[in-house]
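Note sheet for the following structure.
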Amino acid sequence: MAKTTRTPRRFSFFLDLFFKEQSFPFFIQKVKNEYLNTVLYEQQEALVKTADFSLTTIYDFPNYLSLSLPKDQLALKQLTAPLYPGYLADLRTHTSADDYILHQVGKARSSKLRRHQNRLDLCLEPTYTMYYGAIDKTEYDRLFTILKQMTALRFRQKNENNFELPYLDYYQDIMFTMVLEKRAAIYVIYDVLKPINITLNFLNGKTLLHFNSCFDIDYGMFNLGHLNTIKHLRWCYDNKLHLFDMGRGDFFHKRQWINTTYTYEKHIIYHVKNPLAKLKAQAEVAQTLLRHQLIASLKKIKFHILYGQMRKALYRIRQPKESEKPTYTVLEGHVINNASDLVKIPYDVAPYTHLIFYVNAFLHKNFELKKNCQVYQNRTSENTFIIKGKKNIQQLVVSN
Numbered sequence: 220m221a222k223t224t225r226t227p228r229r230f231s232f233f234l235d236l237f238f239k240e241q242s243f244p245f246f247i248q249k250v251k252n253e254y255l256n257t258v259l260y261e262q263q264e265a266l267v268k269t270a271d272f273s274l275t276t277i278y279d280f281p282n283y284l285s286l287s288l289p290k291d292q293l294a295l296k297q298l299t300a301p302l303y304p305g306y307l308a309d310l311r312t313h314t315s316a317d318d319y320i321l322h323q324v325g326k327a328r329s330s331k332l333r334r335h336q337n338r339l340d341l342c343l344e345p346t347y348t349m350y351y352g353a354i355d356k357t358e359y360d361r362l363f364t365i366l367k368q369m370t371a372l373r374f375r376q377k378n379e380n381n382f383e384l385p386y387l388d389y390y391q392d393i394m395f396t397m398v399l400e401k402r403a404a405i406y407v408i409y410d411v412l413k414p415i416n417i418t419l420n421f422l423n424g425k426t427l428l429h430f431n432s433c434f435d436i437d438y439g440m441f442n443l444g445h446l447n448t449i450k451h452l453r454w455c456y457d458n459k460l461h462l463f464d465m466g467r468g469d470f471f472h473k474r475q476w477i478n479t480t481y482t483y484e485k486h487i488i489y490h491v492k493n494p495l496a497k498l499k500a501q502a503e504v505a506q507t508l509l510r511h512q513l514i515a516s517l518k519k520i521k522f523h524i525l526y527g528q529m530r531k532a533l534y535r536i537r538q539p540k541e542s543e544k545p546t547y548t549v550l551e552g553h554v555i556n557n558a559s560d561l562v563k564i565p566y567d568v569a570p571y572t573h574l575i576f577y578v579n580a581f582l583h584k585n586f587e588l589k590k591n592c593q594v595y596q597n598r599t600s601e602n603t604f605i606i607k608g609k610k611n612i613q614q615l616v617v618s619n
């Protein structure tokens with residue numbers, strides 16, 4: 220018989236239980252994927268007595284999973300309340316990634332996305348790597364350092380508070396071993412050796428959990444978000460996975476790719492002979508239901524859009540006042556009159572990295588190859604730069 224211990228009161232299903240070597244508490248007998256009819260976890264050890272148990276809450280539990288209590292623990296009861304929607308692609312509806320993509324986005328959109336992919340491959344000749352089963356620890360740590368930097372810049376660009384960074388520290392702590400054990404996978408798009416899109420995934424049986432993704436904002440014109448999703452869909456089909464779970468967050472780009480929604484739930488388990496625990500459980504369920512209904516009602520009148528705009532405005536007000544940003548003026552088709560005034564510069568290293576966005580925009584617009592592109596600075600006017608490809612040329616003037 221296992222030793223009785225006092226059970227903690229709150230768990231995130233994925234962060235505190237599933238990802239942490241499936242260290243489930245005694246009162247969870249079984250976790251089953253109802254979509255796939257597969258058992259993800261089943262209690263094998265002797266059960267702990269419930270004398271020291273009062274109430275525990277498990278939140279962020281996707282309702283396509285089911286949670287069963289031990290049959291011999293009749294003193295425990297479970298209540299459930301909805302939290303927010305989740306978004307999932309059930310890949311069993313089609314036999315290939317191409318069929319799924321065509322069905323989800325249509326022929327015209329599918330063709331447009333292929334053109335985006337061809338443009339990215341032409342201009343940058345990127346490499347695509349899914350770290351699954353092996354990864355160098357130095358590269359692993361480098362990827363997380365860069366992911367944190369990219370995430371901070373992306374949130375700043377969106378005028379939103381950065382709620383992701385604490386989770387990235389947590390993922391960095393746990394994912395290295397999980398990648399080696401094929402319980403997690405990190406997908407990276409590289410521009411040569413530079414990661415420009417990083418995605419953190421977890422695996423759950425035949426399900427890929429798409430947990431965190433961010434791209435370098437200097438490469439935003441290449442539509443990396445949608446191309447990244449397509450690469451993941453193909454990887455799922457290649458590896459015979461059935462569900463691609465894109466998690467919470469109601470974003471338009473998710474709705475384009477998913478064919479199923481589900482609900483994240485809160486499960487409250489309490490001891491029936493503890494009147495205070497029973498009262499607290501019922502009160503928590505009532506509060507959660509009220510909040511869920513209120514949010515649903517506000518969404519019907521589009522209040523969430525106004526709320527998002529208000530949060531962005533408040534973010535901008537609270538931010539320290541930045542010095543005035545420079546202005547970039549692009550002049551197309553500039554003719555070099557005094558080539559001796561120009562000096563070639565490595566635009567992708569400091570202090571010239573502020574030019575990367577404009578070089579990428581030049582490549583993207585003109586179908587130029589990065590390997591054929593050179594950037595020059597004017598000796599007599601240090602704020603004037605020339606971006607030169609094989610077929611096109613552009614002048615960029617930076618004004619403070």
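Residue numbers (our numbering): 220 to 619. We treat Cβ as the ideally placed atom computed from N, Cα and C, and that holds for glycine. The model shown is predicted, which means the values in this text are computed figures rather than measured ones.
List the endpoints of the continuous beta strand (DSSP E) containing residue i.
i, result
"residue 277", "274 to 281"
"residue 429", "426 to 434"
"residue 485", "479 to 490"
"residue 247", "Segment: none, residue 247 is in no beta strand (DSSP E) and carries neither H nor E."
"residue 410", "403 to 410"
"residue 463", "462 to 467"
"residue 229", "229 to 231"
"residue 421", "413 to 423"
"residue 284", "284 to 287"
"residue 607", "603 to 607"
"residue 618", "612 to 618"
"residue 260", "257 to 261"
For residue i, which residues in the same chain have their Cβ closer than 8 Å to its Cβ, ignoring the five residues on either side in sequence?
i, result
"residue 302", "278, 279, 482, 483, 484, 485, 507, 511"
"residue 355", "none"
"residue 492", "294"
"residue 550", "613, 614, 615, 616"
"residue 384", "367, 370, 371"
"residue 300", "484, 485, 487, 503, 504, 507, 508, 511"
"residue 398", "350, 351, 352, 353, 354, 359, 404, 405"
Grab me the residues of residue i's own chain with a C-beta within less than 7 Å of its C-beta, minus the 5 sequence neighbours each way, in chain order.
i, result
"residue 603", "597, 614, 616"
"residue 583", "338, 342, 440, 441"
"residue 599", "560"
"residue 391", "363"
"residue 518", "none"
Only counting the same chain, and skipping five residues up and downstream in sequence, which positions put a Cβ closer than 6 Å to that of residue i?
i, result
"residue 343", "410, 589"
"residue 394", "403"
"residue 229", "276"
"residue 571", "564"
Please determine whether the Cβ atom of residue i lies at a distance below 7 Å from any heavy atom of the ligand GDP.
i, result
"residue 598", "Absent from the structure shown: the ligand GDP. Ligands present: none."
Around the Cβ of residue i, are there at least 16 other Cβ atoms within 10 angstroms (buried) or fewer (exposed)?
i, result
"residue 285", "exposed"
"residue 520", "exposed"
"residue 337", "exposed"
"residue 389", "exposed"
"residue 587", "buried"
"residue 472", "exposed"
"residue 608", "buried"
"residue 305", "buried"
"residue 448", "buried"
"residue 610", "exposed"
"residue 232", "buried"
"residue 412", "exposed"
"residue 432", "buried"
"residue 281", "buried"
"residue 562", "exposed"
"residue 619", "exposed"
"residue 418", "buried"
"residue 495", "exposed"
"residue 594", "buried"
"residue 250", "buried"
"residue 578", "buried"
"residue 464", "buried"
Could you tell me whether the Cβ of residue i comes closer than 8 Å to any Cβ of chain D?
i, result
"residue 520", "The chain labelled as chain D is not found in the depicted structure, where only one protein chain is given."
Just curious, the alpha helix (DSSP H) that residue i is in, first and last residue?
i, result
"residue 507", "494 to 519"
"residue 306", "Looking at the DSSP string, residue 306 is not in any alpha helix (DSSP H); the run it does join, the beta strand (DSSP E), is 295 to 309."
"residue 388", "384 to 399"
"residue 444", "443 to 457"
Counting pairs of Cβ atoms below 8 Å between the stretch 321 to 338 and the stretch 487 to 503, do you hit three or more? No contact exists between the stretch 321 to 338 and the stretch 487 to 503.
Segments of 3+ residues assigned as beta strand (DSSP E) that fall wholly inside the stretch 327 to 370: DSSP runs (the beta strand (DSSP E)) wholly in the stretch 327 to 370: 346 to 350.
Are the stretch 340 to 357 and the stretch 407 to 422 touching by the rule of at least three beta carbon pairs closer than 8 Å? A contact between stretches requires three or more CB pairs, one per stretch, nearer than 8 Å, and the stretch 340 to 357 meets this requirement with the stretch 407 to 422.
Which runs of the alpha helix (DSSP H) fall wholly inside the stretch 548 to 597 and span at least 4 residues, in chain order? Whole alpha helix (DSSP H) segments, 4+ residues: 575 to 585.
Examine the Cβ distances between the stretch 246 to 265 and the stretch 418 to 425 and report whether three or more of them are shorter than 8 Å. Between the stretch 246 to 265 and the stretch 418 to 425, the count of C-beta pairs closer than 8 Å reaches three or more; the two stretches touch.
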